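Residues 77 to 421 in this note's numbering are what the sequence shown lists, from first letter to last.
Using N, Cα and C, we set each Cβ at its ideal position, and we do this for glycine too.
Since the model is a prediction, treat every value here as computed from it, not as a measurement.
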Amino acid sequence: MKVLGIESSCDECAVALVEDGSRILSNVVATQIPFHEAWNGVVPEIASRKHTEWIMQVAGEALERAGLGPDGIDGVAATSRPGLLGSLLVGLTFAKAFALSRGLPFIACDHMLAHLYAPRLACASDSELPPYPFIGLLVSGGHSIICKVEDFDRVTVLGTTIDDAVGEAFDKVAKFYGFGYPGGVYIDRLAQKGDSGAFCFPLPNLHKGSHEYDLSYSGLKTAVINQLEQFRVKKALDDESERANIAASFQKTAVDILLRSLFRAAVDTGLNTIVAGGGVAANSYLRSILASRKDFRCVFPPLELCGDNGAMIAGLGYQYLIRGETSPLSETASARVNGFKRKYP
Ligand code: KG4
Ligand code: ZN
77 MKVLGIESSC
87 DECAVALVED
97 GSRILSNVVA
107 TQIPFHEAWN
117 GVVPEIASRK
127 HTEWIMQVAG
137 EALERAGLGP
147 DGIDGVAATS
157 RPGLLGSLLV
167 GLTFAKAFAL
177 SRGLPFIACD
187 HMLAHLYAPR
197 LACASDSELP
207 PYPFIGLLVS
217 GGHSIICKVE
227 DFDRVTVLGT
237 TIDDAVGEAF
247 DKVAKFYGFG
257 YPGGVYIDRL
267 AQKGDSGAFC
277 FPLPNLHKGS
287 HEYDLSYSGL
297 KTAVINQLEQ
307 FRVKKALDDE
317 SERANIAASF
327 QKTAVDILLR
337 SLFRAAVDTG
347 LNTIVAGGGV
357 AANSYLRSIL
367 ASRKDFRCVF
377 PPLELCGDNG
387 AMIAGLGYQY
397 LIRGETSPLS
407 ETASARVNGF
417 KRKYP
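In structure tokens:
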């Protein structure tokens with residue numbers, strides 16, 4: 077069964093074809109990075125306009141690379157939540173129109189569940205698939221979630237950020253220091269040449285009673301940005317080793333914050349398999365620390381499936397399809413998903 081997967085929740089216009097939820101036939105990702113770079117962040121209006129301009133061509137290329145015409149498809153899946161509303165609506169509306177015009181089933185997918193599905197696309201056989209239940213670590217530009225995963229669509233959020241997402245902290249720090257956009261990749265690269273002990277940043281002190289596995293990044297982000305004045309005074313911004321040191325020290329603390337809650341959740345639930353997903357799952361320091369833990373089995377998506385892509389949407393869509401679950405064409409987009417972030421009055 078071949079499913080077309082469409083992803084347009086943020087700044088990647090992505091379409092893929094996946095067979096039987098596991099074999100990637102094509103995976104086209106058209107990134108908008110050059111259009112948002114000047115603003116050091118995603119500009120929602122530009123993002124939705126670019127999706128509108130590109131979606132037809134990207135979908136055509138995905139079909140072409142898979143060697144398929146529209147008749148060779150069995151279902152159409154698209155991200156419907158969470159994300160930038162205008163951007164989501166472009167991919168979702170395109171998917172619904174495609175499904176309606178070809179008489180195909182349509183499946184609306186949750187972007188974060190799709191990130192969690194991404195590592196499964198890289199498993200060569202069923203025996204390699206991490207068995208449920210496991211602990212999920214979902215880390216992206218908009219979310220930081222530690223969850224218990226009992227099926228592809230049965231996720232209980234154990235901990236989440238109470239303020240910024242981890243990817244957002246990487247992006248903000250990089251923006252203030254002028255490291256480049258998007259920040260995560262640049263900080264990861266710079267940090268490899270730096271001393272992570274050069275600066276000491278505190279870990280957040282959340283009240284465990286109400287935030288057992290929760291995360292917080294606004295304090296770290298502010299502490300790192302506050303160093304900037306010292307950097308300017310010392311003229312350290314032009315010094316490659318000072319830049320590398322601040323990047324490495326920030327990255328270590330950001331990842332340590334994640335790991336502290338993650339391991340606590342894994343130990344408390346008695347689950348020793350951890351499955352990671354989302355753009356920050358590409359971080360080399362996070363990957364190396366988790367890979368070195370012999371007491372846990374850690375499963376990561378390959379680097380090309382960490383960021384946003386259509387293959388993870390097609391894979392997830394297939395799972396609903398074989399269960400006989402499709403979405404009505406009245407399905408609409410939502411910017412947020414209840415429970416993925418803490419709500420405060
Ligand atoms: O999942 P994703 O592509 O988009 C969202 O759903 O948000 O994640 C994007 C985030 C950005 O914040 C980006 O800076 C971060 O992933 N990122 C990284 C790395 N590569 C991308 N963060 C840390 N280290 C990386 N190597
Ligand atoms: Zn994402």
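At which residue ranges does the region 341 to 398 contain complete alpha helix (DSSP H) runs of 4 or more residues, listed in the order of the chain?
DSSP runs (the alpha helix (DSSP H)) wholly in the region 341 to 398: 360 to 368 and 387 to 398.
Return yes when at least one heavy atom of the ligand ZN lies under 7 Å from the C-beta of His112, else no.
no
So, for Ile301: in the same chain, excluding its five sequence neighbours on each side, which residues have a beta-carbon less than 6 Å away from its beta-carbon?
Phe252
Quick one: give me the first and last residue of the alpha helix (DSSP H) that Arg418 is part of.
No alpha helix (DSSP H) holds Arg418; DSSP gives it neither H nor E.
For the ligand ZN, is there any heavy atom lying closer than 7 Å to the beta carbon of Asp247?
Not one heavy atom of the ligand ZN is found less than 7 Å from the C-beta of Asp247.
Measuring CA to CA, which of Phe255, Ala154, Val375 and Leu338 is closest to Tyr208?
Val375
Less than 7 Å separating the Cβ of Asp96 from some heavy atom of the ligand ZN?
No, since every heavy atom of the ligand ZN falls outside the 7 Å radius drawn around the Cβ of Asp96.
Between the region 330 to 346 and the region 174 to 183, can you find at least three pairs of beta-carbon atoms closer than 8 Å?
no
Under the rule that 16 or more other beta-carbon atoms within 10 Å means buried, what is Asp290, buried or exposed?
buried
Would you kindly work out how many angstroms separate the C-alpha atoms of Gly353 and Asp314, rounded to a whole number?
34 Å
Any non-hydrogen atom of the ligand KG4 within 7 Å of Pro120 CB:
no
Taking 7 Å as the cut-off, does the CB of His127 come closer than this to any heavy atom belonging to the ligand ZN?
Shortest gap from the CB of His127 to any heavy atom of the ligand ZN: 7 Å or more.
Range of the contiguous alpha helix (DSSP H) that encloses Glu288:
Premise fails: Glu288 is in no alpha helix (DSSP H) and is neither H nor E.
Would you kindly check if the distance between the Cβ of His187 and the Cβ of Pro158 is under 8 Å?
yes
Under 5 Å, CB to any heavy atom of the ligand ZN. Which residues pass, going along the chain?
Ser216 and Asp384
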